[in-house]
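Presented below is the structure to which this report refers.
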Amino acid sequence: MLDLISLVSFSVLGVIGWITYKMLVWPFYISPLRKIPGPPCENLFTGNLRTLMTEEPGFDEPQHRWVKKYGNIVKYHGLFNEPTLYVADSKIIQEITLSKTYDFVKPYNPSALAIAGVGLVFSEGENHKRQRKMMNPAFTYNNIKEMVPTFIRVTTTLKGLIEKEVNLGKSNINLTPYLSKTTLDVIGLVGFNYEFNSLTSSNELATAYDSLFNQPATKLRIAMSLLSRYVPLIRQIPIDINKKFRDSYDEELKYQIMTFLIAGHETTNVTTCWALYLLAQHPHEQDLLREELVKAFPDKSNFNPTYDEINSLEHLNCNTEMFIGISALHKSTEIWGPTADKYNPKRWLDPSLIKNVTNLNYLPFFNGARGCIGNKVALAEMKIILGMLIRNFVFQPIEGFHIRKKVFPVPKPDPYLGLIVSIVES
Ligand code: HEM
């Protein structure tokens, strides 16, 4: 009996000792990062995560404020007060992305691995090189050119659905599900020749996929995802949230498919959402873009651009590219000038600014061997969606409806992208 009590006491003491070491001793006295400047820890359990998870849309994000205050290399505190580096220095980023790509292994993330497996995003070293070589031919100019009619077809369905709502007298429209379904339908078709048809019907696979990404980010979901990095077994606890998590990938959605679905769907969806949000906030920019589109496509019922035509539109290019990589580097006044923190798509037309921009300091799609394989697909797809929507509709903010930025699991508009939509008459 005494032995059992001693064993339990030692175990409890061991756990307390480990927690004290992890949360107090390591971060403040031993970690090699301890002397790097950064925001003070706000909570021993959640570090600075709470601040990071309550961002407002726009340009004044915590990381940006930290870089302004502490410099291009900042230490903040993660879960259990773990010191974490935030790097916004273009030379170091160059080393990570170009010269030492495979030395920087991606963090172990059991939740993400369980969904996407060791596909292109999570494979490392030789395995990654082999997979990348295999996938590259699918992303040539000729192949992407051939995807454009699919982008147009799916966006035409989207346009029809929004038109229907407006014609029924509805003007405040929740665009989040529409855009999410549009990009899901597109990636299904161009990636696997699979018709999700999620815009127009309900589909088992689309529902399974939706349960992974579009459920509310409850505290339990966030906690399970963060904790599973430290205690992977947590995913085995037989509770509803874990059951849903397992059911959604078990049989139907295999790893490589999931990799492309996730990498190719949410990214494009979220970027298009924020581009529309910003255009609604800046009506003058929206009008300029529409003028360009009206000139290029005088008959709005015949919006049928080729890949080269859609890429030749100057204002559409300024839009689509800026609001992607939300990192401090993209808001550096040294690169982007004194108005770095303002939404100003026209900066892309200013040669004196653009001469400072290189693929070392502008990285919406990352760079080097691990850069986004689908960047040209994403840009063409988003230009078609934005182009057709702005050519056909006017978007305005809804007075009193406040949109925040959700941080987990993807930075979507929260609660949703609600805008006033009206039809462009001709
Ligand atoms: C706005 C849209 C998109 C953005 C902002 C974006 C951004 C990125 C970034 C930053 C990475 C590097 C991530 C990392 O290494 O951890 C990446 C990788 C990747 N992206 Fe994208 N992406 C977009 C759209 C797409 C699309 C449409 C596809 C597929 C058709 C795609 C497929 C991939 C894949 C497979 C990888 C892993 C590449 C590798 O490690 O070799 N992405 N993307």
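Counting with this note's numbering, you get residues 229 to 654 for the letters of the sequence shown. Glycine included, every Cβ here is placed at the ideal spot set by N, Cα and C.
Pro-625: first and last residue of the uninterrupted beta strand (DSSP E) it sits in: 621-625
Beta strand (DSSP E) segment containing Lys-303, residue limits: 301-305
Residues sharing a beta bridge with Pro-641, DSSP: Lys-633
Collapsed DSSP secondary structure at Thr-410 in the structure displayed: helix
Rounded C-alpha distance that separates Asn-530 from Glu-653: 14 Å
Candidates His-510, Cys-600, Asn-532, Thr-534, of which the one nearest Tyr-571 by Cα: His-510
Asn-547 classed as buried or exposed, judged by whether at least 16 other C-beta atoms fall within 10 angstroms: buried
Whether Thr-675 touches Leu-407 by CB criterion (8 Å): What is shown of the chain runs 229 to 654, which leaves residue 675 out entirely.
Contacts around Leu-341, its chain only, beta-carbon distance under 7 Å, and the 5 residues preceding and following it disregarded: Phe-350
Contacting residues, own chain, Cβ-Cβ under 8 Å from Glu-549 (five flanking each side not counted): Because Glu-549 carries a pLDDT of 38, less than 50, the predicted location of this residue cannot be relied on, and the following value inherits that uncertainty. Cβ within range, chain order: Trp-576, Pro-592, Leu-607.
Supposed close pair Arg-216, Arg-518 - CB separation, criterion 8 Å: Only positions 229 to 654 of the chain appear in this structure, which leaves residue 216 out of reach.
Where Ile-601 falls: helix, strand or coil (DSSP): coil
Continuous alpha helix (DSSP H) stretch holding Tyr-314: start and end: No alpha helix (DSSP H) holds Tyr-314; the beta strand (DSSP E) holding it covers 311-315.
Contact test: His-558 Cβ vs ligand 1 heavy atom, cutoff 7 Å: no
Helix, strand or coil at Leu-607 according to DSSP, with G and I counted as helix: helix
Local Cβ density within 10 Å of Val-418, reported as buried at 16 or more and exposed below that: buried
Test item: CB-CB of Asn-595 and Leu-326 under 8 Å: yes
Where Asn-497 sits in the DSSP three-state scheme: helix
6 Å Cβ shell around Asn-300 - same chain, five flanking residues per side excluded: Ala-316, Asp-317
Range covered by the beta strand (DSSP E) that runs through Val-649: 646-651
Near ligand 1: Lys-528 beta-carbon under 7 Å from a heavy atom: no
Top-ranked residue by Cα proximity to Gly-628, from Thr-312, Lys-319, Ile-415, Gly-646: Gly-646
The region 305-312 / the region 271-283 touching (three or more Cβ pairs under 8 Å): yes
Residues near Asn-603 in its chain [Cβ-Cβ closer than 7 Å; skip 5 each side]: Phe-593
Beta-bridge partners of Ile-401, as assigned by DSSP: Leu-647
Test item: CB-CB of Pro-566 and His-543 under 8 Å: no
Rounded Cβ spacing between Lys-409 and Leu-427 (contact assumed at less than 8 Å): 5 Å
Burial state of Glu-423 (16 or more Cβ within 10 Å): exposed
Pairwise C-alpha distance: Leu-521 and Glu-393: 23 Å
7 Å Cβ shell around Ile-390 - same chain, five flanking residues per side excluded: Ile-401, Tyr-406, Phe-621, Val-649
Residue span of the alpha helix (DSSP H) that contains Ser-532, given as start and end: For clarity, residue 532 is Asn in the given sequence; the question names Ser instead. Neither: Asn-532 is in no alpha helix (DSSP H) and is coded neither H nor E.
Contact set for Ile-613: own chain, Cβ-Cβ below 6 Å, skip 5 residues either direction: Thr-383, Thr-500
Same chain only: Cβ atoms within 6 Å of Leu-481, ignoring 5 sequence neighbours per side: At Leu-481, the pLDDT of 45 sits below 50, so the modelled position is not reliable; the number obtained from the coordinates is stated separately. Excluding positions up to five away in sequence, the list is empty.
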